[in-house]
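In my numbering, the protein residues as written are 13 to 318.
A virtual CB, placed ideally from N, CA and C, is assigned to each residue, including glycine.
A quick note: this is a predicted structure, and the numbers were derived from the prediction, not measured.
The block underneath contains the structure these notes are about, expressed in structure tokens.
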């Protein structure tokens, strides 16, 4: 293992962590404030990826593609919130899970109807197609640096929004004690709609940015939803700060585990055994981390309540 390889994987872990944060921040706000378990959040991520890939292919402009993905997903989220999610307020979590899981099935079939069952490839912007030399001997893809920068800006923007604006004050009040916020005159319905749309926008942005790094395909929303829920549990429900810290930790653990665990196991295991065992152990690392955190802090690292 070289220093260059380690730094490169650290940067990859940060990039993956920031993408998880974009998804988990929306999830933790929706669940923490609205008390709605929205499994369809991953479908919004998938929609953002497909729309961005399609528009980028047609127009050649990555900026227009990202903005189009945000606009389309926000419209879809508004329809979803008006016709379904509002009916789930106050319902038990089982009803919410069943209803939003149904949206996943519908979304996957709609994507198959529009784009077909085969994955599509999304390209990075031409200006960011090459590498950048960060250190002597360390060439790093410029597009991944864009993802790092976007993640930092979004995290800073959410911090300022939640902690230094009146809107953020209402969000924090709803996350801490929703009933008391209602008694104090907060228009909870409007806050709920705003939070849901904000979460959808973050999911769309994550999908649009992740598209060029992976195949855009049916089911990609469910795949990213699982680690996002792990981040939600580790960070603490309703806590943006918890989602940020947990997303970076999970991103690092997952990326470094997949990169270096096989190298470690090869020092005392046969290559055939390592090829079977290493991927499974790396995949279990984040769940072991979640179990360890919950053993000492059942409410997560930074719970919004208590």
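8 Å contact criterion, which residue 137 and residue 153 should meet: CB distance rounded: So it is not a contact: roughly 12 Å between Cβ atoms.
Cβ contact check for the stretch 40 to 52 and the stretch 69 to 85: 3 or more pairs under 8 Å: no
Beta-carbon separation (whole angstroms), residue 247 vs residue 255, contact threshold 8 Å: 4 Å
Residue 78 vs residue 217 beta-carbon contact at 9 Å: yes
The stretch 225 to 235 contacting the stretch 116 to 130, beta-carbon criterion three pairs below 8 Å: yes
Nearest-angstrom Cα separation, counted from residue 108 out to residue 173: 28 Å
Beta-carbon proximity list for residue 46, same chain, < 6 Å, skipping 5 on both sides: 204
Separation of residue 55 from residue 116, as counted between CA atoms: 6 Å
Length of the line joining the Cα atoms of residue 249 and residue 148: 42 Å
Residue 146 in three-state terms, based on DSSP: strand
Paired residues, beta bridge with residue 228 - DSSP: 132
Those residues which DSSP pairs with residue 1 across a bridge: What the structure shows of the chain is the stretch from 13 to 318, and residue 1 is not part of that stretch, so it cannot be assessed.
Buried or exposed by the 16-neighbour rule on C-beta atoms within 10 Å, applied to residue 151: exposed
CA-to-CA distance, residue 169 to residue 124, given in whole angstroms: 35 Å
Distance between residue 270 and residue 18 (C-alpha atoms, nearest Å): 12 Å
Coarse secondary structure for residue 48, derived from DSSP in three states: coil
C-alpha gap between residue 159 and residue 280, whole angstroms: 37 Å
Rounded distance between the beta-carbons of residue 268 and residue 156, thought under 8 Å: Incorrect: roughly 16 Å between the Cβ atoms, too far for contact.
Burial state of residue 210, where buried means 16 or more other Cβ atoms lie within 10 Å: buried
Contact set for residue 145: own chain, Cβ-Cβ below 7 Å, skip 5 residues either direction: 151
Residue 106 and residue 237 closer than 9 Å at C-beta: no
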